[in-house]
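Undergrad: To start, I am sharing the structure in question, which I have written as structure tokens.
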Amino acid sequence: MNTLSENDSSPRAIKLEDLVALNDEVAALVRAGVPLELGLEQVSHDLRGSLGQLAAALGSHMSQGESLSQAMESESSRLPKLYRSVVEAGLRAGRLPAALEAVTRYAQSLLEVHRRVTLACVYPLIVFVLAYAMFLVMLAEMIPRFEAFAEQGREPQGIGLSILLYLSQTMSVWGPVIPVLLIGVIGFWLFFQKRTLMRTGRSMTLFRFIPWAHGIHRNQQLANFSDLLGLLTEQEVPLHTGILLAADSTGDRRMIQSSEEISLKLQSGESLAEAMESAKAYPSYLRWLMQTGEQQRTLADSLTRAAGVYRSRALERLETLSLALPLIAVAVIGGGATLIYAFALFAPMIESLRNLAAP
1 MNTLSENDSS
11 PRAIKLEDLV
21 ALNDEVAALV
31 RAGVPLELGL
41 EQVSHDLRGS
51 LGQLAAALGS
61 HMSQGESLSQ
71 AMESESSRLP
81 KLYRSVVEAG
91 LRAGRLPAAL
101 EAVTRYAQSL
111 LEVHRRVTLA
121 CVYPLIVFVL
131 AYAMFLVMLA
141 EMIPRFEAFA
151 EQGREPQGIG
161 LSILLYLSQT
171 MSVWGPVIPV
181 LLIGVIGFWL
191 FFQKRTLMRT
201 GRSMTLFRFI
211 PWAHGIHRNQ
221 QLANFSDLLG
231 LLTEQEVPLH
241 TGILLAADST
251 GDRRMIQSSE
261 EISLKLQSGE
271 SLAEAMESAK
281 AYPSYLRWLM
291 QTGEQQRTLA
301 DSLTRAAGVY
311 RSRALERLET
321 LSLALPLIAV
331 AVIGGGATLI
341 YAFALFAPMI
351 ESLRNLAAP
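The sequence shown begins at 1 in full-length UniProt numbering and counts up one residue at a time.
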């Protein structure tokens, strides 16, 4: 049986909403005790588009003898590495449903940030479009009249009027550029960015530049790490192995690199406290909880507590983003538009008055 990945040399990355849906289906099948290869192939008939094709492909891989993690690795072009790492960690811990629940919480938090940022930008975007249109009208209608007034009075053109005249005369060149760029950014945010929210590297750049969004993402990463390492510790997976699996689930390169160093030190016989002394990618609070938890033999409980703290921090920042981002965007766009209008209207008038008052 041919899968999509065999017929399509460049399958597209799955959307985050579809990933959540697939994740929930896999978790439900595992809890029900249904063989995944059969369950996924049956579920694929009820799912639409690329999600149904992906479920069928995973079921096909597993029916050929591959494990769930191997099947997902075969579909790595459509499933983010972060997600595959979480599944691997859940399988190693023997707690796959719990690991998948952590993924759902993480993915839903990213979707909520995306949704709230989108809603927060609607009104500022309308203000920007109207302000830009009115600015173009001003350049087309009013600035030529200022020029005619200056020529009738035989007044020399000031710097302000010269700049505005240049913008008016070249408006057909630069005028369409900003709307095209704006449409491109909106299209990227609405359609492409959702496919890359759980991927690392340059794809997260736009998301991370949004105020508070990077902090939300970081706290959710740490909550995900703490959840999974706690599960692995409960199931007595060796710490030097568990810390690598949990770090892979964050998708954070610095944290993965630090975890690799910690793992090597643990294997060489160092204690967790000694191994984490130079782990700068780990927040001090998480380092302290892990070191204290190991000393008191309550590492799993300490990690569960850390996950709750980081999840609460993410929710607090999400509320702050929802309230503050629209105000900041309106202030920046509205204030910028006011300054531009003031310059376009008053600069030629002030220069004309100065010329009239000159001896």
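Glycine residues also receive a C-beta, built at the ideal position from the N, C-alpha and C atoms.
Just so you know, these numbers come straight off a predicted model, no measurement behind them.
#1: Out of 39, 246 and 258, which one is the CA nearest neighbour of residue 224?
#2: Residue 171 to residue 73, Cα distance in whole Å?
#3: Give me, in chain order, the residues of the same chain whose beta-carbon lies closer than 7 angstroms to that of residue 263; leave out the 5 immediate sequence neighbours on both sides.
#4: Which residues in the same chain as residue 103 place their Cβ atom closer than 7 angstroms to its Cβ, once the five residues preceding and following it in sequence are excluded?
#5: Ignore the nearest five residues each way along the sequence and tell me which others in residue 52's own chain have a CB closer than 6 angstroms to its CB.
#6: When we look at the beta-carbon of residue 97 and count the other beta-carbons within 10 Å, is it buried (16 or more) or exposed?
#7: What's the gap between the Cα of residue 65 and the Cα of residue 296?
#8: Which whole-angstrom value is the C-beta distance of residue 383 and residue 175, which I expect to be below 8 angstroms?
#9: What separation, rounded to the nearest whole angstrom, lies between the Cα atoms of residue 203 and residue 169?
#10: How long is the line joining the alpha carbons of residue 329 and residue 121, rounded to whole angstroms?
#11: Helix, strand or coil for residue 151 per DSSP?
#12: Anyone know if the C-beta pair for residue 307 and residue 251 falls short of 8 angstroms?
#13: Comparing the C-beta of residue 231 with each C-beta of chain D, is any distance below 8 angstroms?
#14: Among 216, 115 and 183, which has the Cα closest to the Cα of residue 126?
#15: Taking the CB atoms as reference points, tell me whether residue 291 and residue 273 lie closer together than 8 angstroms.
#16: Should residue 284 go down as buried or exposed, given a rule of 16 or more other Cβ atoms within 10 Å for buried?
#17: At the level of alpha carbons, what is the spacing between residue 1 and residue 191?
#18: Using 8 angstroms as the threshold, is the C-beta distance between residue 100 and residue 16 below it?
#19: State the DSSP-derived secondary structure class of residue 304, mapped to helix, strand or coil.
#20: Please report the residue range of the alpha helix (DSSP H) in which residue 186 lies.
#21: Since residue 83 is in the alpha helix (DSSP H), which residue starts that stretch and which ends it?
#22: Mark residue 221 as exposed unless 16 or more other C-beta atoms lie within 10 angstroms of its C-beta, in which case mark it buried.
#23: Measuring CB to CB, does residue 215 end up less than 8 angstroms from residue 317?
#24: Anyone know if the C-beta pair for residue 164 and residue 344 falls short of 8 angstroms?
#25: Helix or strand or just coil, what does DSSP make of residue 102?
#26: Does DSSP put residue 223 in a helix, a strand or coil?
#27: Starting from residue 210, follow the alpha helix (DSSP H) in both directions and report where the run begins and ends.
#28: Can you tell me where the alpha helix (DSSP H) holding residue 252 begins and where it ends?
#29: Of the residues 118, 144 and 40, which one's Cα is nearest the Cα of residue 185?
#30: For the alpha helix (DSSP H) that contains residue 40, what are its first and last residues?
#31: If you run the structure through DSSP and keep just helix, strand and coil, what is residue 144?
#32: Can you give me the C-alpha to C-alpha distance between residue 201 and residue 227, rounded to a whole angstrom?
TA: Quick answer:
#1: Here residue 224 is taken as the residue at index 224 of the sequence shown, counted from 1. With distances taken between Cα atoms, residue 224 lies closest to 246.
#2: Residue mapping note: residue 171 aligns to position 171 of the sequence shown, counting from 1. Residue mapping note: residue 73 aligns to position 73 of the sequence shown, counting from 1. Taking the straight line from one Cα to the other gives about 52 angstroms.
#3: Looking up residue 263 in the sequence shown gives position 263. Result list for residue 263: 240, 243 and 244, in chain order.
#4: On the sequence shown, residue 103 is found 103 positions in, with the first residue counted as 1. Contacts found: 23, 83 and 86.
#5: Position 52 of the sequence shown, counting from 1, holds the residue named residue 52. Closer than 6 angstroms at the Cβ level, and outside the excluded window around residue 52, lie 44.
#6: Along the sequence shown, one-based indexing puts residue 97 at 97. With fewer than 16 Cβ atoms within 10 Å of its Cβ, residue 97 is classed as exposed.
#7: Sequence index remark: in the sequence shown, residue 65 carries index 65 (1-based). Sequence index remark: in the sequence shown, residue 296 carries index 296 (1-based). If I take the Cα positions, the gap works out to 43 angstroms.
#8: What the structure shows of the chain is the stretch from 1 to 359, and residue 383 is not part of that stretch, so it cannot be assessed.
#9: Counted from its first residue, the sequence shown places residue 203 at position 203. Counted from its first residue, the sequence shown places residue 169 at position 169. At residue 203, the pLDDT of 45 sits below 50, so the modelled position is not reliable; the number obtained from the coordinates is stated separately. One C-alpha to the other measures close to 38 angstroms.
#10: If you number the sequence shown from 1, residue 329 lands on position 329. If you number the sequence shown from 1, residue 121 lands on position 121. The alpha-carbon atoms of residue 329 and residue 121 are separated by roughly 7 angstroms.
#11: The count along the sequence shown starts at 1 and reaches residue 151 at position 151. Helix.
#12: Within the sequence shown, numbered from 1, the residue matching residue 307 stands at position 307. Within the sequence shown, numbered from 1, the residue matching residue 251 stands at position 251. Going by C-beta atoms, residue 307 is not nearer than 8 angstroms to residue 251.
#13: No chain D appears in the structure shown, which is made up of a single protein chain.
#14: Indexing the sequence shown from 1 puts residue 126 at position 126. The shortest C-alpha separation from residue 126 is found at 183.
#15: Here the question's residue 291 lines up with position 291 in the sequence shown. Here the question's residue 273 lines up with position 273 in the sequence shown. Result yes, Cβ atoms of residue 291 and residue 273 sit closer than 8 angstroms.
#16: Locating residue 284 in the sequence shown gives position 284, where the first residue counts as 1. So residue 284 counts as exposed.
#17: Here residue 1 is taken as the residue at index 1 of the sequence shown, counted from 1. Here residue 191 is taken as the residue at index 191 of the sequence shown, counted from 1. Because residue 1 sits at a pLDDT of 38, beneath the cut-off of 50, its placement in the model cannot be relied upon, and the following sentence gives the value as read from the coordinates. When rounded, the distance between both Cα atoms is 31 angstroms.
#18: Residue numbering aside, residue 100 sits at position 100 when the sequence shown is read from its first letter. Residue numbering aside, residue 16 sits at position 16 when the sequence shown is read from its first letter. In this structure, residue 16 does not lie closer than 8 angstroms to residue 100 by Cβ.
#19: What you label residue 304 is simply residue 304 of the sequence shown in a count that begins at 1. Secondary structure at residue 304: helix, using DSSP grouped into helix, strand and coil.
#20: Translated into the one-based positions of the sequence shown, residue 186 becomes position 186. First-last of the alpha helix (DSSP H) with residue 186: 177 to 187.
#21: For the purposes of this step, residue 83 is taken as the residue at position 83 of the sequence shown. Counting along the chain, the alpha helix (DSSP H) containing residue 83 begins and ends at 81 to 93.
#22: Position 221 of the sequence shown, counted from the first residue, corresponds to residue 221. Burial call: buried.
#23: By one-based count along the sequence shown, residue 215 stands at place 215. By one-based count along the sequence shown, residue 317 stands at place 317. In this structure, residue 215 places its C-beta atom within 8 angstroms of the C-beta atom of residue 317.
#24: In the sequence shown, residue 164 corresponds to position 164, counting from 1. In the sequence shown, residue 344 corresponds to position 344, counting from 1. Yes, Cβ-Cβ distance for residue 164 and residue 344 is below 8 angstroms.
#25: Taking the sequence shown and counting its residues from 1, the one referred to as residue 102 is at position 102. Residue 102 falls in the helix class under three-state DSSP.
#26: Numbered from 1 along the sequence shown, position 223 holds the residue referred to as residue 223. Helix at residue 223.
#27: Residue numbering aside, residue 210 sits at position 210 when the sequence shown is read from its first letter. From DSSP, residue 210 is part of no alpha helix (DSSP H); its letter is neither H nor E.
#28: Residue mapping note: residue 252 aligns to position 252 of the sequence shown, counting from 1. Premise fails: residue 252 is in no alpha helix (DSSP H) and is neither H nor E.
#29: Taking the sequence shown and counting its residues from 1, the one referred to as residue 185 is at position 185. The candidate whose alpha carbon is nearest that of residue 185 is 118.
#30: Sequence index remark: in the sequence shown, residue 40 carries index 40 (1-based). Run containing residue 40: 36 to 43, per the alpha helix (DSSP H) assignment.
#31: For the purposes of this step, residue 144 is taken as the residue at position 144 of the sequence shown. Reduced to three states, the DSSP call for residue 144 is helix.
#32: For the purposes of this step, residue 201 is taken as the residue at position 201 of the sequence shown. For the purposes of this step, residue 227 is taken as the residue at position 227 of the sequence shown. Note that residue 201 scores 45 on pLDDT, short of 50, meaning its location in the model is unreliable; the coordinates nonetheless yield the value given after this. Distance between the alpha carbons of residue 201 and residue 227: 23 angstroms.
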